[in-house]
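Working notes, beginning with the structure itself.
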Amino acid sequence: MSSLAEAIRRDPSDKDRPLPRPLLCPICKSAVQELDRTGDATGYACATHGNFKVANTVFAEQRAKDYTREQWEAALHKAKQRKKGPVIQSYDF
Ligand SMILES: [Zn+2]
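Heads up: the sequence shown begins at 156 in the working numbering, then just goes up one per residue.
Listed below in structure tokens is the structure:
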């Protein structure tokens with residue numbers, strides 16, 4: 156009766172998953188290169204959106220998963236107005 160749980164636990168596909176997972180642009184969801192990661196932000200090199208960083212606090216927010224592409228692009232636009240970065244901050248949304 157525990158055979159199902161056993162089978163799930165032993166699922167061999169688990170160890171075949173490539174690591175690390177590809178990094179996706181949070182804006183357009185295409186696979187991108189990761190830039191140097193700093194302590195509090197992740198850097199992305201997207202063919203569409205260029206090089207930018209997103210502060211970890213952005214993803215820490217529950218509502219982050221509901222941001223639309225339009226919201227992300229607006230936030231990136233705001234971040235680019237600042238001379239430093241661009242680093243998208245949670246207050247850009
Ligand atoms: Zn992108």
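Backbone N, C-alpha and C fix where the C-beta goes; we use that ideal spot for every residue, glycine too.
Note that this is a predicted model, so its numbers are computed, not measured.
{"Item": "Are Ala225 and Ser245 closer than 7 Å when you measure CB to CB?", "Value": "According to the sequence displayed, residue 225 carries Glu and not Ala. It is not a contact, given that the beta carbons lie outside the stated cut-off."}
{"Item": "Near ligand 1, which residues have their beta-carbon closer than 6 Å to a heavy atom?", "Value": "Cys180, Ile182, Cys183, Ser185, Cys201, Thr203 and His204"}
{"Item": "Please state whether DSSP places Ala202 in a helix, a strand or coil.", "Value": "coil"}
{"Item": "Quick check: what's the CA-CA separation for Arg237 versus Phe248?", "Value": "15 Å"}
{"Item": "Where does Glu216 sit, in a helix, a strand or coil, going by DSSP?", "Value": "coil"}
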